[in-house]
Every structure is written in C-alpha cells, then in structure tokens.
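For the record, the sequence lines run as chains A and B. Using numbering that gives the first Met the number 0, read the first sequence as starting at 0 and increasing by one per residue. Using numbering that gives the first Met the number 0, read the second sequence as starting at 0 and increasing by one per residue. Ideal placement from N, C-alpha and C gives every residue a C-beta, glycine not left out. Since the structure is predicted, the reported quantities are computational estimates derived from the model, not experimental observations. Before any comments, here is the structure.
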Amino acid sequence: MVENLDIKVDDYFQKVEELKNNGFEMMVDLTAVDWFRKKEPRFELVVNFLSVSKNKRVCIKVKLTDELSIPSITSLYPSANFYEREVFDMFGINFENHPDLTRILMPDDWVGHPLRKDYGTGRIPVQFKNAPKVD
Amino acid sequence: MEENNEILKDVDFWATNSEEGGWNISSTDEGSQKMLEDEDETTTKIQMGSEVIDDYFIQDDISDDERMILNMGPQHPSTHGVLRLQVELEGEVVRRVQPVIGYLHTGMEKTGEELNYFQGPTNTTRMDYLSPFFNELVFSLATESLLELEVPDRASTIRILMTELNRISSHLVALATGGMDIGALSMMIFGFRERELILDFFEKTTGLRMNHNYIRPGGVAADLPDNWQKDVEEILKIIPEKLKDYDEMLLDNPIWQGRLKNVGILTTEECLAYGVTGPSLRASGYAWDLRKMQPYSGIDKYEFDIPVFEEGDVFARWRIKVLEIFESLKIVQQAMENMPKGPYKIQDKKITPPPRKRLDESMEALIHHFKIYTEGFKVPEGQVYTTVESPRGELGCFIVSDGSSKPYRMHVRGPSFCNLQALPVVMSDSPIADAVAAIASLDPVLGDVDR
Chain A
0 MVENLDIKVD
10 DYFQKVEELK
20 NNGFEMMVDL
30 TAVDWFRKKE
40 PRFELVVNFL
50 SVSKNKRVCI
60 KVKLTDELSI
70 PSITSLYPSA
80 NFYEREVFDM
90 FGINFENHPD
100 LTRILMPDDW
110 VGHPLRKDYG
120 TGRIPVQFKN
130 APKVD
Chain B
0 MEENNEILKD
10 VDFWATNSEE
20 GGWNISSTDE
30 GSQKMLEDED
40 ETTTKIQMGS
50 EVIDDYFIQD
60 DISDDERMIL
70 NMGPQHPSTH
80 GVLRLQVELE
90 GEVVRRVQPV
100 IGYLHTGMEK
110 TGEELNYFQG
120 PTNTTRMDYL
130 SPFFNELVFS
140 LATESLLELE
150 VPDRASTIRI
160 LMTELNRISS
170 HLVALATGGM
180 DIGALSMMIF
190 GFRERELILD
200 FFEKTTGLRM
210 NHNYIRPGGV
220 AADLPDNWQK
230 DVEEILKIIP
240 EKLKDYDEML
250 LDNPIWQGRL
260 KNVGILTTEE
270 CLAYGVTGPS
280 LRASGYAWDL
290 RKMQPYSGID
300 KYEFDIPVFE
310 EGDVFARWRI
320 KVLEIFESLK
330 IVQQAMENMP
340 KGPYKIQDKK
350 ITPPPRKRLD
360 ESMEALIHHF
370 KIYTEGFKVP
380 EGQVYTTVES
390 PRGELGCFIV
400 SDGSSKPYRM
410 HVRGPSFCNL
420 QALPVVMSDS
430 PIADAVAAIA
440 SLDPVLGDVD
450 R
C-alpha cells in the first residue's frame with residue numbers, strides 16, 4: 000500500500016506537482032533524517048503523501064546536497080507550512096520560497112538545531128538548587 | 000549568598016548568562032514570530048485563511064482606529080493549554096490569525112532517540128496526554144512492523160478495547176471543555192464526571208489514570224483485571240444514558256444551535272489542503288476513517304459505522320463527537336463479548352520480559368530479563384511509517400532503525416499539529432466569541448502539537 004520513491008533534489012518539486020495532479024490530496028507528514036557519519040549525503044528528507052480517493056500512500060525520500068536547500072512545497076500543499084518550519088528549526092534545512100521560514104518550536108534566538116546528531120543532549124547544564132532569583 | 004553568585008558567573012547556561020547573573024528573558028521575546036501591521040501578500044493570505052478558498056468578507060467602512068493586534072494566550076483557558084494566538088481585530092471581528100506554538104516543547108523526539116524500544120512507549124504516551132493509548136499503540140505497531148511480529152489475538156483485542164475506551168474519554172473531554180468555552184458550564188462537570196468512570200477502569204487495569212505505558216511492543220504490559228467485564232458493562236450502561244442528557248440539554252437547545260450553526264466552517268477542500276483529518280474531516284463531508292480504510296490491530300472485524308456530516312461547522316463537529324462515542328461503545332461491546340483466551344503478549348522472551356516468578360526457577364529467564372531491562376532488544380534495519388486513527392485524526396509514527404536497540408530517528412506525526420494550521424480558516428472573519436468556539440471544536444492538544 001505504501002510506495003517508496005527516491006527522488007533527486009532537482010526533480011523534487013516537479014514530482015510533488017505530479018502527485019498533486021494524480022489525486023494525492025494530502026501531504027500528511029514531512030520530516031528529515033540526519034545520517035551523521037553514517038551515510039553520504041548527510042541529510043535525507045522524508046515526505047508522506049496520502050490519497051484519500053484512492054486509499055494509497057506515497058513516501059518520497061530526497062537526499063539533500065551539501066547546500067541543504069530544497070524547494071518549498073507550501074504553494075502546492077498549504078499543510079507543508081508548519082512541517083517545513085519544524086524541519087528548518089530542528090535540522091537547519093533551508094526551504095526556498097517558503098512564506099515564513101522561522102523557528103517554530105524553539106525560541107527565535109536559539110543556537111543550533113536540536114535534532115541533528117551532533118547536537119548533544121545535556122549540553123546545557125540545568126541548575127535546580129541556588130538558582131538566582133528573578134527580579 | 001554573594002559567594003553563590005561568584006560561582007554562578009562561571010557557569011555557562013542559557014537562562015542565567017546575563018551579566019548580572021539574572022534571568023535573561025528579553026532575548027526570547029516574540030522576535031520574528033511577531034505579527035506585523037502590514038505583511039506581504041502570501042503571509043496575509045495564510046493569516047486570513049483565504050489561501051485555498053477566498054471567502055473573506057472585507058468590510059471597508061472600518062477605520063484604522065478600530066484595528067488592533069493582540070495576544071490570546073498562552074495562559075488562557077480557552078486555548079486548551081499553552082497555545083498562543085496573535086489576532087488582528089477589526090472592531091470585534093477577527094481579521095488575521097497567527098498561531099504561535101512551542102511553549103510545551105520538551106524535545107520528545109530527541110528523547111526518543113535516547114530510549115530503547117522497550118522504554119519507548121513511556122515517552123510517546125506523554126505526547127497526546129488525552130489519548131495516551133493511541134500514542135503507545137502507534138509506537139508499538141511501528142516497532143512490531145520492523146520486527147515483523149504478529150501479536151496474539153488477545154493482545155490485539157485488549158488494544159482495541161482500551162483504545163476505543165480512550166477515544167470515548169478523549170471525546171468527552173473535548174465536549175466538556177468545548178461546552179465550557181461557549182458558556183455551558185454544566186457540560187464541563189458532566190463530561191468530566193463520565194470520563195471518571197473510564198479513567199477508573201484504566202487505573203484498575205494499568206495502575207495509572209494517564210500516561211499508562213500499557214501497550215508495549217509485543218503485546219500489552221499486563222492482563223485485564225479480574226471481573227473486568229463488570230466495569231466495562233457499567234460503562235456501556237451508564238454512558239449512553241448520560242449522552243441522552245447531553246442531547247436534551249444542548250443538541251435540541253435552540254440557543255445552543257443558534258450559537259454554533261454556521262460558525263467556523265471548514266470545507267472538504269480546505270480540510271484536504273491543510274491536512275486536517277479525524278472528526279473535523281468527517282464533519283466536513285468526507286468519510287475518511289483509518290479504522291475502515293487502513294485497519295490496524297484487526298479492527299476491520301468489528302461492526303461500526305462512520306458518522307459523516309456535510310455542514311463542516313462547529314455544530315457538526317460537536318455532533319460527530321457524540322455519535323462517535325456511540326460507535327466506539329459498539330466496538331467496546333463487541334471486543335468484550337469476543338475477548339479471546341490466551342497469552343496477552345508474545346511468548347518470544349527476547350522481546351517481552353518473562354514473568355517475575357520464572358526468575359527464581361530458570362537461568363534463561365533471568366538472562367532474558369537482564370538483557371531486556373539493560374540493553375533492550377535489537378530491531379532490524381529499516382524505516383517504517385505506521386498510522387492509527389486517534390480521536391483527533393491520523394496519528395503517525397515514523398521510525399528509522401539502524402539495527403541497534405534504540406531508534407535512530409523517531410518522529411511522531413501529531414494530528415493536532417497539522418489541524419492547527421486550519422485555525423486561521425475557521426477563526427478569521429468571525430466575531431472573537433465565535434473564534435473561541437472554533438478553537439474548541441478543533442480540539443487541539445498542545446502536548447501533541449509541541450511534542
């Protein structure tokens with residue numbers, strides 16, 4: 000029921016447009032995987048499409064080049080808006096022509112992208128006792 | 000006290016790295032998420048919800064003096080948690096909406112990479128805190144699909160029983176809080192009263208009222224308690240009676256109908272474009288339910304209907320939740336009557352821990368127990384995206400395994416996160432009081448949004 004497709008970055012937007020015209024009404028999920036020191040190229044974008052009329056799913060996998068930039072599909076699927084912002088926030092991947100590419104879950108001035116594999120957990124010490132009081 | 004401050008100066012942590020040693024909170028102000036007076040055309044369209052269908056009614060006679068941008072939330076009871084909305088008002092009418100989220104972000108996807116598959120459900124169950132069983136189920140189904148496991152019939156049936164009861168309790172909260180937002184305060188008390196019945200049963204079975212960690216890869220954590228049928232029968236008897244009260248009090252009530260009909264309309268086209276699933280999609284006229292279309296845990300064996308409404312307004316979204324409770328009760332009834340006998344988890348001791356008493360008798364049991372609780376079990380390489388129909392829509396879990404005992408990447412597709420994008424559509428061009436009703440009808444759970 001799930002069809003997996005490997006797409007190149009250059010063909011990505013065209014392929015999504017094709018899917019949209021072929022009855023895939025919904026973009027249900029967009030996320031990325033960081034293959035740090037395991038695979039080359041490092042980042043992979045995973046996009047899941049759902050056709051409610053045909054009861055079918057398509058999973059598109061795009062291996063990103065080193066520029067970490069890919070066309071935004073928000074103009075085709077408005078639901079991609081929040082997902083692309085989340086991937087930008089968590090992985091630092093740039094989506095070209097996105098209407099409002101800002102951090103969505105982390106604070107705006109946050110340094111780094113938390114879901115990258117080289118972003119260590121416990122990097123920032125949290126102090127519970129004797130914390131300075133707020134004025 | 001001064002000595003303490005001396006030490007603190009050397010500590011490099013984010014909240015206290017200002018020069019005085021105090022909390023540096025000015026830098027985390029709204030920043031670029033701020034709604035501007037004049038945005039560019041695309042952003043304005045998104046904020047006005049006229050991206051898909053341009054049904055915005057522009058009133059020219061309103062002066063700029065009556066136009067203001069203000070914040071709703073994050074600490075506001077009608078925003079169901081910590082949702083913050085920046086709204087631009089023209090007099091009393093909402094013109095633009097910008098949802099600002101992330102106040103409950105706790106990095107659960109990152110945490111999921113640190114926990115092994117056996118510990119995974121403890122993490123995922125905390126995401127959507129009103130329907131924890133669905134989160135555990137989708138994680139377990141994803142893991143089992145990577146392991147190519149079939150769980151025993153009894154485990155599947157217990158899963159269906161618990162998730163459908165959970166759907167009832169979740170919808171009851173949606174009805175209760177939704178009623179409260181609109182001003183029907185007795186609905187708040189009624190909804191939570193009936194939910195208590197179900198939570199009592201959950202507590203008896205799993206030991207906890209929320210965040211159960213009951214459904215685990217390989218089956219469920221424990222068998223149902225003795226005389227569980229009695230409790231379920233009581234639920235099956237009492238809830239339909241109480242639902243009739245709701246109908247009498249609200250659905251047939253002309254004030255209630257006048258308040259909610261033709262408010263916050265979502266069309267099918269908009270639902271599909273914004274990825275809105277679940278009751279909101281079905282209330283907009285599209286009969287899409289993953290339980291029927293892409294069944295999981297053998298739910299295709301049960302007889303139930305999918306209620307559909309054409310209107311797509313707040314009233315339809317309210318009614319559909321009441322009707323879905325009846326359908327879930329049907330499934331619970333069938334699951335109770337046809338509960339198969341047998342093991343409640345798979346007997347592969349590499350994946351599910353052996354019973355406690357076996358540890359005193361068998362060396363192998365001790366080894367398996369030790370391995371599972373220290374290292375966990377290894378899952379073959381692969382990627383999988385599984386879905387279940389949660390009370391809010393399509394709940395998906397995307398797991399990438401690299402062959403170790405921890406997921407390499409764990410991503411949860413929360414339905415609330417996606418449904419929130421439709422907020423500008425339902426809220427804009429309506430009075431602020433209707434906007435509150437529209438938020439309540441979409442039923443967002445912020446734990447699921449921010450993860």
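C-beta contact flag for residue i and residue j at 9 Å
i         : j         : result
Val448(B) : Ser415(B) : yes
Met338(B) : Thr156(B) : yes
Phe308(B) : Lys349(B) : no
Met451(B) : Gly101(B) : Residue numbering for chain B in the displayed model covers 0 to 450; residue 451(B) lies beyond these limits and cannot be assessed.
Arg158(B) : Gly341(B) : no
Ala173(B) : Ser78(A)  : no
Gly81(B)  : Ala434(B) : At residue 81(B) the sequence reads Val, which differs from the Gly that was named. No, the Cβ-Cβ distance between Val81(B) and Ala434(B) is not below 9 Å.
Glu108(B) : Leu63(A)  : no
Val27(A)  : Glu269(B) : no
Gly277(B) : Thr266(B) : no
Val424(B) : Gly111(B) : no
Thr351(B) : Asn212(B) : no
Glu2(A)   : Val57(A)  : yes
Ala437(B) : Leu422(B) : yes
Interface partners of residue i on chain B, CB under 8 Å
i        : result
Phe42(A) : The premise fails here: Phe42(A) is roughly 11 Å from chain B at the closest Cβ pair, so nothing lies under 8 Å.
Pro70(A) : By Cβ distance, chain B contributes nothing, its closest Cβ being about 15 Å from Pro70(A), past 8 Å.
Tyr76(A) : Ala272, Gly274
Partner residues on chain B for residue i, Cβ-Cβ distance less than 7 Å
i         : result
Glu24(A)  : Leu271
Leu114(A) : Glu108, Lys109
Thr30(A)  : Phe397, His410
Asp99(A)  : Thr42
Thr120(A) : Lys109, Glu113
Given residue i as reference, the closest of the options once Cα atoms are compared
i         : options                                    : result
Glu302(B) : Thr276(B), Gln293(B), Val331(B), Arg316(B) : Val331(B)
Val219(B) : Lys344(B), Lys44(B), Glu195(B), Tyr128(B)  : Lys344(B)
Leu164(B) : Pro131(B), Ile264(B), Met126(B)            : Pro131(B)
Arg125(B) : Ile431(B), Cys270(B), Val411(B), Val435(B) : Val411(B)
Ile167(B) : Gly413(B), Glu323(B), Thr105(B), Leu289(B) : Glu323(B)
Val8(A)   : Lys37(A), Val45(A), Ile103(A)              : Val45(A)
Asp64(B)  : Arg258(B), Met292(B), Glu91(B)             : Glu91(B)
Phe166(A) : Phe90(A), Asp65(A), Leu67(A), Thr101(A)    : It is not possible to answer for residue 166(A), since the shown part of chain A is limited to 0 through 134.
Pro151(B) : Asp299(B), Glu195(B), Pro216(B)            : Pro216(B)
His112(A) : Phe87(A), Gly121(A), Phe94(A), Pro98(A)    : Phe87(A)
Pro294(B) : Asn54(A), Asp65(A), Gly121(A)              : Asn54(A)
Glu388(B) : Val275(B), Asn212(B), Glu247(B)            : Val275(B)
Gly22(A)  : Phe90(A), Val51(A), Glu66(A), Lys116(A)    : Val51(A)
Gly311(B) : Gln333(B), Phe369(B), Ala286(B)            : Ala286(B)
Helix, strand or coil at residue i according to DSSP, with G and I counted as helix
i         : result
Gly101(B) : coil
Ile366(B) : helix
Gly297(B) : coil
Ile24(B)  : Caution applies to Ile24(B), whose pLDDT of 40 falls short of 50 and renders its modelled position unreliable; the model cannot decide the point.
Leu242(B) : helix
Tyr285(B) : coil
Thr205(B) : helix
Met126(B) : coil
Val110(A) : coil
Lys53(A)  : coil
Asp9(A)   : helix
Lys356(B) : helix
Gly30(B)  : Bear in mind that a pLDDT of 47 at Gly30(B), under 50, signals an unreliable position, so the model cannot answer this.
Val61(A)  : strand
Strand pairing of residue i, partner residues [DSSP]
i         : result
Lys344(B) : Gly218(B)
Met26(A)  : Phe48(A)
Leu136(B) : Answer by DSSP bridge pairing: none, since Leu136(B) is not bridged.
Ile254(B) : None; Ile254(B) has no bridge partner.
Leu327(B) : The amino acid occupying residue 327(B) in the given sequence is Ser; Leu does not appear at that position. Bridge partners of Ser327(B): none, in fact.
Leu394(B) : Val387(B)
Val1(A)   : Arg56(A)
Arg408(B) : Val399(B)
Val86(B)  : Leu69(B), Val96(B)
Val32(A)  : Glu43(A)
Beta-carbon neighbours of residue i, restricted to chain A and to distances below 7 Å
i         : result
Thr78(B)  : Ordered by position in chain A, no residue passes the 7 Å Cβ test against Thr78(B), which lies about 17 Å from the chain.
Glu50(B)  : Pro77
Met292(B) : Asn54
Glu393(B) : Val27
Closer than 9 Å at the beta carbon, the chain A residues around residue i
i         : result
Phe416(B) : Phe81, Tyr82, Glu85
Proximal chain A residues relative to residue i, where beta-carbon distance stays under 8 Å
i         : result
Asp449(B) : Leu104
Glu91(B)  : Here the premise fails: no neighbours, minimum Cβ distance about 27 Å.
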